[in-house]
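Peer 1:
In mature numbering (1 follows the signal peptide of the UniProt record, and there is no 0), the protein residues as written are -17 to -1, 1 to 115.
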């Protein structure tokens, strides 16, 4: 038996220029297989500050175009992370696949009216039940 519930929540956009256009996360992955997580966005006329990924409120990946190295992956229980660039990640779950809360967070930095950091957040929540 397979039961799957997927919720999408898009929070209000703080910046008129930056927006996430598409968020791709598979709804089901067999344990041990890979899942490609992709966050597509449109900068408009803004400059990207960073992109961060979180699983269950714990950051596991970040991209800062102005830093070296630009990509950073952090240990997350049960996840192996392979960075492909362009914010496409392959995540292999060792024991199970369950993203109770998966977040892609994009930030932009502007000096138009003084230094400030604005953020855009798109959140996907998935509940997947896999019965052998």
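Ideal Cβ positions, reconstructed from N, Cα and C, are used throughout, including at glycine.
1. If residue 56 sits next to residue 38, beta carbons under 8 angstroms apart, how far is it from one beta carbon to the other, in whole angstroms?
2. Where does residue 29 sit, in a helix, a strand or coil, going by DSSP?
3. Would you give the residue range spanned by the beta strand (DSSP E) that residue 8 belongs to?
4. Can you tell me which of 29, 34 and 30 puts its alpha carbon nearest to the alpha carbon of residue 23?
5. Go through its chain and collect everything with a Cβ distance to residue 42's Cβ below 8 angstroms, but skip five positions before and after it.
6. Select from 28, 54 and 5 the residue whose C-alpha is nearest the C-alpha of residue 20.
7. Could you give the DSSP three-state label for residue 47: helix, strand or coil?
8. What does the Cβ neighbour count give for residue 29, buried or exposed, with the cut at 16 atoms within 10 Å?
9. Along the chain, where does the beta strand (DSSP E) that runs through residue 56 open and close?
Peer 2: Once the coordinates are examined:
1. By one-based count along the chain shown, residue 56 stands at place 73. By one-based count along the chain shown, residue 38 stands at place 55. About 12 angstroms; that fails the 8 angstroms criterion.
2. As a first step, residue 29 must be located in the chain shown, where it is residue number 46. Here residue 29 sits in coil by DSSP.
3. Along the chain shown, one-based indexing puts residue 8 at 25. From DSSP, residue 8 is part of no beta strand (DSSP E); its letter is neither H nor E.
4. Taking the first residue of the chain shown as 1, we reach residue 23 at position 40. The residue with the shortest Cα to Cα distance from residue 23 is 34.
5. The residue labelled residue 42 in the question sits at position 59 within the chain shown. 35, 36 and 57.
6. As a working mapping, residue 20 is identified with position 37 in the chain shown. When only C-alpha atoms are compared, the closest one is 5.
7. Position 64 of the chain shown holds residue 47. In this structure, residue 47 counts as coil in the three-state DSSP scheme.
8. Counting from one through the chain shown, the residue named residue 29 turns up at place 46. That one is buried.
9. For the purposes of this step, residue 56 is identified with residue 73 of the chain shown, where counting begins at 1. Per DSSP, residue 56 belongs to the beta strand (DSSP E) from 54 to 56.
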